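Below: one structure, written as structure tokens.
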Amino acid sequence: MWDFATEPEFQRKLDWMAAFVRDECEPLDLLFPHGGDPYDVTNKASRAVLRPLQERVREQGLWACHLSPDLGGQGYGQLKLALMNEILGRSYWAPTVFGTAAPDTGNAEILAMYGTEEQRTRYLQPLLDGEIVSCFSMTEPQGGADPKEFACRATRDGDTWVIEGEKWFSSNARYASFLIALVVTDPDAAPHQRMSMFIIPSETPGIEIIRNVATVNERDELDEGIHAYIRYNQVRVPADAMLGAPGEGFKVAQSRLGGGRVHHAMRVVGKCQRAFDMMCERALSRRTQGRVLAEHQFVQGFIADSAIQLQQFRLLVLQTAWIIDNQPHGAARTHIAMCKVALAQVLHDIVQRSLHLHGSLGITHETPLAEWWAALPQLALADGPTEVHKATVAKRVLRGYQPAPGLFPTEHIPARRAAARERYASILEEFGV
Ligand SMILES: Cc1cc2nc3c(=O)[nH]c(=O)nc-3n(C[C@H](O)[C@H](O)[C@H](O)COP(=O)(O)OP(=O)(O)OC[C@H]3O[C@@H](n4cnc5c(N)ncnc54)[C@H](O)[C@@H]3O)c2cc1C
């Protein structure tokens with residue numbers, strides 16, 4: 126059964142969220158605009174604004190809704206979460222206000238799935254309560270997209286593990302209370318069983334942040350960014366710092382990505398919608414050659430292409446969420462990869478057109494467009510480059526196909542026409558065709 130309607134009661138929640146994000150979260154984007162601001166728990170001014178807003182979200186029963194009911198979530202399912210994330214995507218701060226900011230969401234997920242009782246009490250609860258932030262430390266400088274190239278090692282020494290090596294782009298490490306790191310523990314094992322996951326408190330001796338790398342849109346100076354280049358110098362952690370079983374690191378890492386990618390894709394829909402809204406307002410406001418921009422056909426083309434692309438993308442993400450909710454675990458993998466590829470392209474196209482229609486104003490920092498534009502390349506890289514996800518899509522789609530049985534394709538017309546003639550031979554003969 127297909128149904129595109131939203132239940133009225135849930136629609137009321139979405140309406141509340143939309144007004145709240147516009148009125149309360151978007152101002153935070155302007156007051157505290159740096160990439161690290163939502164994660165900087167030591168900033169007293171931002172926390173003074175944030176905490177009462179988080180309280181209002183809790184009162185509405187909308188705090189950390191991605192969590193399962195046993196962890197305090199609402200059990201909404203992915204489709205409803207997708208609709209909520211479209212609204213959150215309008216504001217950089219909104220996920221923090223609603224308790225759904227990455228990478229803490231994914232880290233909470235794996236702590237809940239694989240954590241011991243002690244690990245959950247120590248790390249998961251304060252994370253869920255929004256008291257602390259965390260870091261996911263996986264990518265390495267010499268081999269980002271391919272974990273099989275990872276070299277950061279942990280060796281067993283009595284009751285402890287000793288971690289040695291480097292990690293690159295460990296976002297928010299500078300603000301985090303703990304890091305979750307994917308580390309090689311058995312280099313001779315099969316590629317996907319070589320690594321284990323560790324929880325490392327930030328104050329552990331030997332963690333050296335070589336530099337806090339900034340991306341082009343963050344407008345920060347060298348070492349003023351939020352993506353840490355880290356060296357683990359003989360970092361010693363107890364054996365019970367391992368999250369999951371030895372050799373399970375890759376599996377643990379994989380399990381934090383599915384739902385998160387759909388939420389992220391839907392937040393991109395929200396950002397696209399905002400860029401599109403700006404494009405339409407501009408088209409109706411600016412005059413040239415005696416007419417508003419909206420009356421020029423090139424501009425109409427921009428608007429039509431953007432509206433079509435955005436709706437196609439939104440429906441793809443919603444269908445992906447629906448598959449996760451309604452089909453067996455893993456059934457949405459191809460769709461999740463399709464969303465990951467599409468999000469970078471659709472946001473690129475819509476932001477580029479919107480910025481272009483704003484002319485010289487568009488390339489200034491006086492609208493949000495220039496910053497969104499500068500951030501575009503990130504989307505095709507973070508969480509794996511587009512090429513990797515395209516390869517996943519193609520490989521999985523091809524599983525549903527077979528090679529042609531003979532020399533020519535099954536659609537080869539001469540053979541098909543001969544078969545058609547044979548099927549209707551008596552009628553064709555009767556009418557002399
Ligand atoms: C904003 C942002 C935040 C991030 N946060 C974190 C974080 O918190 N923790 C963390 O661990 N990592 C993080 N990362 C790192 C991210 O996961 C990596 O950037 C990503 O996996 C790609 O790795 P790489 O940058 O080393 O690129 P590479 O692996 O060097 O890839 C570079 C290019 O090579 C090509 N390529 C790579 N693999 C293939 C392939 N299989 N087939 C065809 N072509 C290929 C693609 O063109 C790709 O763009 C973040 C990245 C960004 C941009």
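Position 57 of the sequence shown, counted from 1, bears residue number 182 in our numbering, the numbering being contiguous throughout.
From the three backbone atoms N, C-alpha and C, an ideal C-beta is built for every residue, glycine too.
Only a predicted model underlies this, so the values are computations on that prediction, with no experimental measurement involved.
Bridge partners - residue i, DSSP secondary structure assignment
i: Asp282; result: Thr285
i: Tyr357; result: Gly290 and Ile332
i: His352; result: Ser296 and Val338
i: Gly268; result: Glu265
i: Leu368; result: Met322
i: Val362; result: Trp286
Selected residue, minimal CA-CA separation from residue i, among the options
i: Phe157; options: Ser171, His537, Val166 and Gly369; result: Ser171
i: Cys260; options: Ala219, Leu304, Val222 and Asp148; result: Leu304
i: Gln179; options: Arg247, Glu256, Gly240 and Pro228; result: Glu256
i: Ser193; options: Leu482, Gly231, Glu211 and Pro220; result: Gly231
i: Cys464; options: Ile475, His454, Phe438 and Asn451; result: Phe438
i: Gly455; options: Gln477, Arg521 and Ile475; result: Arg521
i: Val424; options: Leu482, Pro371 and Leu472; result: Leu482
i: Arg281; options: Trp127, Ala227 and Met367; result: Met367
i: Arg215; options: Ala446, Ala314 and Glu149; result: Glu149
i: Glu274; options: Leu249, His317, Ser295 and Gln244; result: His317
i: Gln379; options: Glu333, Asn358, Gly509 and Ala505; result: Gly509
i: Leu506; options: Ala469, Gln250, Tyr217 and Ala544; result: Ala469
i: Asn337; options: Glu343, Leu139 and Ala353; result: Ala353
i: Trp497; options: Glu343, His460 and Val417; result: Glu343
i: Ala270; options: Asp450, Val513, Gly161 and Arg524; result: Val513
i: Cys154; options: Pro251, Tyr217, Phe533 and Arg356; result: For the sequence presented, residue 154 should be read as Asp rather than Cys. Nearest of Pro251, Tyr217, Phe533 and Arg356 to Asp154, Cα basis: Tyr217.
i: Ala390; options: Ala429, Leu443 and Glu346; result: Leu443
i: Gly197; options: Gln250, Thr167 and Ala207; result: Gln250
i: Ser431; options: Val341, Ala144, Ala446 and Val476; result: Val476
i: Thr225; options: Met126, Pro163 and Pro453; result: Pro163
i: Thr329; options: Arg245, Glu346 and Asn358; result: Asn358
i: Ala462; options: Thr167, Pro502, Phe129 and His388; result: His388
i: Ala467; options: Arg458, His537 and Leu504; result: Leu504
i: Glu349; options: Ala306, Tyr300 and Thr310; result: Tyr300
i: Ser302; options: Val287, Phe533, Ile324 and Ala315; result: Ile324
i: Cys397; options: Leu494, Glu536, Arg245 and Ala237; result: Leu494
Residue i, enclosing beta strand (DSSP E) - first and last residue
i: Ser327; result: It is not in any beta strand (DSSP E) - Ser327 carries neither H nor E in the DSSP assignment.
i: Leu506; result: No beta strand (DSSP E) contains Leu506, which DSSP labels as neither H nor E.
i: Cys260; result: Ser259 to Ser262
i: Leu307; result: Phe303 to Val309
8 Å Cβ cutoff, residue i in contact with chain E
i: Asn358; result: In the structure shown, chain E does not exist; there is a single protein chain.
Beta-carbon proximity check, residue i vs residue j, cutoff 8 Å
i: Val258; j: Asn297; result: yes
i: Gly384; j: Gln199; result: no
i: Val174; j: Phe223; result: no
i: Pro363; j: Thr285; result: yes
i: Gln434; j: Asp402; result: no
i: Gly374; j: Ser295; result: no
i: Glu265; j: Glu291; result: yes
i: Leu253; j: Ala189; result: yes
i: Trp351; j: Gly160; result: Per the sequence shown, residue 351 should be read as Ile rather than Trp. Against a cut-off of 8 Å, the Cβ pair of Gly160 and Ile351 comes out as a contact.
i: Val360; j: Ile332; result: yes
i: Leu472; j: Val393; result: yes
i: Leu213; j: Val146; result: yes
i: Ala400; j: Ala408; result: no
i: Pro234; j: Arg137; result: Position check: residue 234 holds Glu in this sequence, whereas Pro was assumed. Not a contact, by the Cβ cut-off of 8 Å.
i: Leu208; j: Thr131; result: yes
i: Val341; j: Ala499; result: yes
i: Gly369; j: Tyr239; result: yes
N-terminal and C-terminal residue of the alpha helix (DSSP H) that residue i is part of
i: Leu156; result: Glu151 to Leu156
i: Asn210; result: Gln203 to Leu213
i: Gln379; result: Gly374 to Gln379
i: Met142; result: Pro133 to Phe145
i: Leu532; result: Element bounds for Leu532: n/a, residue is neither H nor E.
i: Glu555; result: Ala550 to Glu555
i: Leu187; result: Counting along the chain, Leu187 falls outside any alpha helix (DSSP H), and DSSP gives it neither H nor E.
i: Leu347; result: Run containing Leu347: none; DSSP gives neither H nor E here.
i: Glu234; result: Asp229 to Tyr239
i: Trp127; result: Per DSSP, Trp127 belongs to no alpha helix (DSSP H) and is neither H nor E.
i: Pro220; result: Ala219 to Val222
i: Thr517; result: Thr511 to Leu523
i: Glu536; result: Glu536 -> no alpha helix (DSSP H), and no H or E assigned at all.
i: Val496; result: The question names Val, yet the displayed sequence has Glu at residue 496. Element bounds for Glu496: Leu494 to Ala499.
i: Gln250; result: Gln250 to Leu253
Can you check the segment 410 to 490 for any alpha helix (DSSP H) of at least 4 residues that lies completely inside it and give the ranges in chain order? Qualifying alpha helix (DSSP H) stretches, in chain order: 422 to 451, 458 to 482 and 484 to 487.
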